[in-house]
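This is how it looks when you write it as structure tokens:
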């Protein structure tokens with residue numbers, strides 16, 4: 028295990044008002060639980076810096092005295108209060124969605140168990156709202172654990188010896204305005220080409236109005252099948268707001284569509300205004316010759332995503 | 399113009415509110431989501447089954463809070479637990495922003511009229527039936543800021559009571575006392591909706607970018 032000359036004990040219950048916390052620990056998977064709890068706490072209570080910066084820029088672009096400006100002022104005040112208090116910035120802590128890249132000596136089964144225990148513990152600590160409801164009985168399990176799909180955990184094997192766990196908390200309001208189009212779409216005159224994709228993306232933004240808690244961020248998957256498209260659209264939300272798509276042609280589309288979406292005037296909370304979206308993140312997937320899906324995941328402004336990286340005993344939170 | 403409003407409201411206070419006004423709310427609010435709306439409607443308005451004595455007790459307790467009062471679309475995160483004897487002395491609201499209101503559109507017109515509710519608080523706006531009812535009663539729709547869970551929870555001075563906890567923590571009916579809870583008037587008692595207005599204006603803008611070929 029990691030050999031560090033100066034080890035600082037990991038304290039999972041700190042309430043520190045700054046970002047990119049790191050702490051050392053002696054153990055790896057045997058003692059993952061405090062790190063997982065810290066990951067959940069940070070995600071729920073401490074909005075990532077890139078998102079907060081984008082909201083500050085949006086606030087400067089609205090006219091003082093307008094509902095749009097008032098909404099952003101309240102949003103930024105809330106972000107600050109939640110970080111200081113260590114309380115969930117939004118009560119809808121949504122679907123806690125995990126993306127795990129594990130080195131070969133880790134067991135996905137053990138990791139799944141640890142993550143589920145951390146979710147239940149975080150719910151007891153009022154960091155997460157109990158959100159797992161049985162669709163037939165209507166019963167809320169009370170601990171955010173429900174069957175094999177709640178919480179969703181996606182595993183891949185890591186290329187190196189770093190365990191990476193990304194967590195996104197995505198609430199129901201924005202989840203409900205996510206959508207999927209099958210091109211061609213006659214009503215929107217959207218053909219099976221990039222202009223057709225642009226048309227359905229703008230339609231999705233218009234349909235959502237402020238109901239996804241605008242200003243939001245779109246994950247857009249072009250291609251794939253009905254399942255892989257939605258999957259990739261959500262996973263695209265792991266990318267930082269200031270990180271363009273590596274393919275310059277796709278990066279250009281992200282900018283162009285974002286600029287057009289922000290000309291719609293829907294604005295923060297749908298009150299009217301200049302910032303409707305904070306970003307668009309595109310994923311490109313091979314498709315069947317017969318299918319052309321565009322899948323859209325709408326993430327609210329409360330874009331709660333955090334990453335735990337654990338390597339040789341060093342846990343880094345970003 | 400900014401307004402400080404304390405529930406219960408007078409009808410003239412409601413009529414003085416206009417689209418885009420910022421308001422700070424104080425007094426008692428009653429939280430309700432899908433399960434509570436369905437139960438209130440079926441038990442006390444549609445009378446699809448006779449109310450039990452316990453139902454009747456709840457009605458007698460909550461009706462004075464609803465009369466010229468407010469329904470808040472909210473499923474909070476709380477700390478502490480409801481004691482076996484029903485005590486909620488140790489419960490605090492930790493995060494308590496609004497939830498999407500449109501899900502309650504099918505119930506809201508009848509609830510407003512039956513209980514004479516003056517304000518619906520939520521997010522995302524509501525539909526034509528609610529808007530028409532707001533004009534008749536009068537009542538308003540107040541838009542809280544979605545996601546502002548911690549900030550709104552800090553305006554909660556007291557958790558007064560909980561009913562129907564068997565619906566689950568988010569879906570139960572909570573009576574809370576708030577102070578300076580911020581919101582924006584987006585549907586007023588004069589038949590105007592900011593949501594309709596923004597939808598129409600953004601439709602025009604959209605058509606500029608989606609020219610029909």
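Protein chains in written order, with the working numbering: chain A, 28 to 345; chain B, 399 to 611. Glycine included, C-beta positions come from ideal geometry on N, C-alpha and C.
Fill in: Exposure label - residue 246 of chain A; buried when at least 16 CB within 10 Å
Looking up residue 246 of chain A in the first chain gives position 219. Residue 246 of chain A counts as buried, since at least 16 other C-beta atoms from the protein chains shown sit within 10 angstroms of its C-beta.
Worksheet item: Residues of chain A with CB under 8 Å from residue 596 of chain B, in chain order?
Response: Against the second chain, residue 596 of chain B aligns to sequence position 198. In chain order: 236, 237, 292, 293, 294, 297, 298, 299.
Worksheet item: Taking the alpha carbon of residue 203 of chain A as the point to measure from, which residue in A:221, A:190, A:119 has its own alpha carbon closest?
Response: Reading the first chain from its first residue, position 176 is the one you call residue 203 of chain A. Comparing Cα-Cα distances from residue 203 of chain A to each of A:221, A:190, A:119, the minimum goes to A:119.
Fill in: Residues of the segment 258–290 of chain A whose Cβ lies closer than 8 Å to any Cβ of chain B, in chain order
Taken in chain order, the members of the segment 258–290 of chain A whose beta-carbon sits within less than 8 Å of a beta-carbon on chain B are 287, 290.
Item to complete: Mind reading off the beta-carbon distance from residue 349 of chain A to residue 330 of chain A? Whole number of angstroms is fine, and I expect it under 8 Å.
Response: Residue 349 of chain A lies beyond the range of chain A shown here (28 to 345); nothing can be said about it.
Practice prompt. Work out the CA separation of residue 91 of chain A and residue 423 of chain B for me, nearest whole Å.
Written response: In the second chain, residue 423 of chain B corresponds to position 25, counting from 1. In the first chain, residue 91 of chain A corresponds to position 64, counting from 1. Cα-Cα distance, rounded: 21 Å.
Practice prompt. Indicate the three-state DSSP secondary structure (helix, strand or coil) for residue 150 of chain A in the structure shown.
Written response: Along the first chain, one-based indexing puts residue 150 of chain A at 123. In the displayed model, residue 150 of chain A falls within a helix according to three-state DSSP.
Item to complete: Tell whether a beta-carbon distance below 8 Å holds between residue 348 of chain B and residue 518 of chain B.
Response: No answer is possible for residue 348 of chain B: it lies beyond the span of chain B, which begins at 399 and ends at 611.
Worksheet item: Is there a Cβ from chain E that is less than 8 Å from the Cβ of residue 195 of chain A?
Response: The displayed structure is made up of protein chains A and B, and chain E is not among them.
Item to complete: Would you tell me roughly how many angstroms separate the C-alpha atoms of residue 51 of chain A and residue 58 of chain A, rounded to the nearest one?
Response: Taking the first residue of the first chain as 1, we reach residue 51 of chain A at position 24. Taking the first residue of the first chain as 1, we reach residue 58 of chain A at position 31. Per-residue confidence for residue 51 of chain A stands at a pLDDT of 46, beneath the threshold of 50, marking its modelled position as unreliable; the derived number appears in the next sentence. Answer to the nearest angstrom: the Cα atoms are 12 Å apart.
Practice prompt. Would you verify that the beta carbon of residue 477 of chain B is, or is not, closer than 8 Å to some beta carbon of chain A?
Written response: Residue 477 of chain B sits at position 79 when you count from the first residue of the second chain. Against chain A, the CB of residue 477 of chain B has a partner CB under 8 Å away; the residue lies at that interface.
Item to complete: Determine the burial state of residue 593 of chain B: buried for a count of at least 16 other Cβ atoms within 10 Å of its Cβ, exposed for fewer.
Response: Walking along the second chain from the start, residue 593 of chain B turns up at place 195. By the 10 Å Cβ count, residue 593 of chain B comes out buried.
Discussion item. If I measure Cβ to Cβ from residue 103 of chain A and keep anything under 8 Å in the same chain, skipping five residues before and after, which residues do I get?
Written reply: Start at 1 with the first residue of the first chain, and residue 103 of chain A comes out as number 76. Apart from the 5 residues on each side of it in sequence, residue 103 of chain A sits with its Cβ closer than 8 Å to the Cβ of 79, 82, 83, 86 in its chain, given in chain order.
Discussion item. What ranges does the beta strand (DSSP E) occupy inside the segment 425–506 of chain B, keeping only unbroken runs of at least 3 residues that lie completely in it?
Written reply: Qualifying beta strand (DSSP E) stretches, in chain order: 468–470, 475–477, 490–493.
Worksheet item: Within 10 angstroms of its Cβ, does residue 134 of chain A collect 16 or more other Cβ (buried), or is it exposed?
Response: For this step, residue 134 of chain A is matched to residue 107 along the first chain. Exposed: under 16 other Cβ atoms inside 10 Å.
Practice prompt. Consider the C-beta atom of residue 552 of chain B and the heavy atoms of the ligand ADP; say whether any pair is separated by less than 7 Å.
Written response: This structure lacks the ligand ADP; in fact it carries no ligand of any kind.
Fill in: According to DSSP, residues forming a beta bridge with residue 60 of chain A
Here residue 60 of chain A corresponds to residue number 33 of the first chain, with the count starting at 1. In the DSSP assignment, residue 60 of chain A is bridged to no other residue.
Worksheet item: Would a check of beta-carbon distances place residue 528 of chain B closer than 8 Å to chain A?
Response: Stepping through the second chain from its first residue, residue 528 of chain B is reached at position 130. Not closer than 8 Å to any Cβ of chain A, the Cβ of residue 528 of chain B fails to qualify, so no.
Worksheet item: So what's residue 88 of chain A in DSSP terms, helix, strand or just coil?
Response: Taking the first chain and counting its residues from 1, one reaches residue 88 of chain A at position 61. The three-state reading of DSSP puts residue 88 of chain A in coil, since its state is none of H, G, I, E or B.
Worksheet item: Under the three-state reduction of DSSP, which class applies to residue 197 of chain A: helix, strand or coil?
Response: Indexing the first chain from 1 puts residue 197 of chain A at position 170. In the three-state reduction of the DSSP assignment, residue 197 of chain A falls in the strand class.
Discussion item. Any beta carbon from chain B within less than 8 Å of residue 102 of chain A's own beta carbon?
Written reply: Stepping through the first chain from its first residue, residue 102 of chain A is reached at position 75. So yes, residue 102 of chain A belongs to the interface.
Practice prompt. Would you tell me roughly how many angstroms separate the C-alpha atoms of residue 215 of chain A and residue 311 of chain A, rounded to the nearest one?
Written response: Residue numbering aside, residue 215 of chain A sits at position 188 when the first chain is read from its first letter. Residue numbering aside, residue 311 of chain A sits at position 284 when the first chain is read from its first letter. Between the alpha carbons of residue 215 of chain A and residue 311 of chain A lies a gap of roughly 21 Å.
Fill in: Backbone secondary structure at residue 524 of chain B - three-state DSSP
In the second chain, counting from the first residue as 1, residue 524 of chain B sits at position 126. Assignment of residue 524 of chain B by DSSP, reduced to helix, strand and coil, places it in the coil class.
Fill in: Listed by chain order, chain A residues near residue 450 of chain B by CB distance under 7 Å
For the purposes of this step, residue 450 of chain B is taken as the residue at position 52 of the second chain. Near residue 450 of chain B there are no residues of chain A at all, since even the closest Cβ is about 19 Å away, more than 7 Å.
Discussion item. On a Cα-Cα basis, can you pick out the residue from A:189, A:295, A:213 that is closest to residue 132 of chain A?
Written reply: Counting from 1 along the first chain, the entry for residue 132 of chain A is found at position 105. Of the candidates A:189, A:295, A:213, the one whose C-alpha sits nearest the C-alpha of residue 132 of chain A is A:189.
Worksheet entry | Residues of its chain near residue 196 of chain A, where Cβ-Cβ distance is below 7 Å and the 5 sequence neighbours each way are ignored | One-based indexing of the first chain puts residue 196 of chain A at position 169. Same-chain partners within the cutoff: 70, 71, 120, 121, 123, 331.
Item to complete: Can you have a look at residue 487 of chain B and say buried or exposed, based on whether 16 or more other CB atoms are within 10 angstroms of its CB?
Response: If you number the second chain from 1, residue 487 of chain B lands on position 89. Taking all protein chains in view, the Cβ of residue 487 of chain B is surrounded by fewer than 16 other Cβ atoms within 10 Å, so the residue is classified as exposed.
Discussion item. Our contact map puts residue 328 of chain A next to residue 545 of chain B with C-beta atoms below 8 Å; I'd like the distance itself, whole angstroms only.
Written reply: If you number the first chain from 1, residue 328 of chain A lands on position 301. If you number the second chain from 1, residue 545 of chain B lands on position 147. Separation of the CB atoms of residue 328 of chain A and residue 545 of chain B is rounded to 6 Å, and the pair is thereby assigned contact status at 8 Å.
Worksheet item: Any chance the segment 557–571 of chain B sits against the segment 407–415 of chain B, with 3 or more Cβ pairs inside 8 Å?
Response: Using a C-beta cut-off of 8 Å, the segment 557–571 of chain B makes no contact with the segment 407–415 of chain B, since fewer than three inter-stretch Cβ pairs fall below that distance.
Worksheet item: Should the segment 505–518 of chain B be called in touch with the segment 537–552 of chain B, which here means at least 3 C-beta pairs below 8 Å?
Response: In short, these stretches touch, since the Cβ pair count reaches three.
Discussion item. Any beta carbon from chain B within less than 8 Å of residue 333 of chain A's own beta carbon?
Written reply: Counting from one through the first chain, the residue named residue 333 of chain A turns up at place 306. Not closer than 8 Å to any Cβ of chain B, the Cβ of residue 333 of chain A fails to qualify, so no.
Worksheet item: Got a sec, what are the start and stop residues for the beta strand (DSSP E) residue 402 of chain B sits in?
Response: Sequence index remark: in the second chain, residue 402 of chain B carries index 4 (1-based). For residue 402 of chain B, the uninterrupted beta strand (DSSP E) run begins and ends at 400–404, by DSSP.
Discussion item. Measuring straight from C-alpha to C-alpha, what distance separates residue 55 of chain A and residue 141 of chain A?
Written reply: Position 28 of the first chain, counted from the first residue, corresponds to residue 55 of chain A. Position 114 of the first chain, counted from the first residue, corresponds to residue 141 of chain A. Unreliable positioning characterises residue 55 of chain A in this predicted model, as indicated by a pLDDT of 45, which lies under 50. A coordinate reading is not provided.
Worksheet item: Is residue 76 of chain A helix, strand or coil by DSSP?
Response: The sequence position of residue 76 of chain A within the first chain is 49, counting from 1. Residue 76 of chain A: helix per DSSP, three-state reduction.
Worksheet item: What does a CB cutoff of less than 8 Å around residue 460 of chain B pick up in its chain, not counting 5 residues either side in sequence?
Response: The residue given as residue 460 of chain B occupies position 62 in the second chain. The residues are 428, 561, 571, 573.
Discussion item. Along the segment 200–213 of chain A, where does the CB come closer than 8 Å to a CB of chain B? Name the residues.
Written reply: The segment 200–213 of chain A vs chain B, Cβ under 8 Å: 200, 203.
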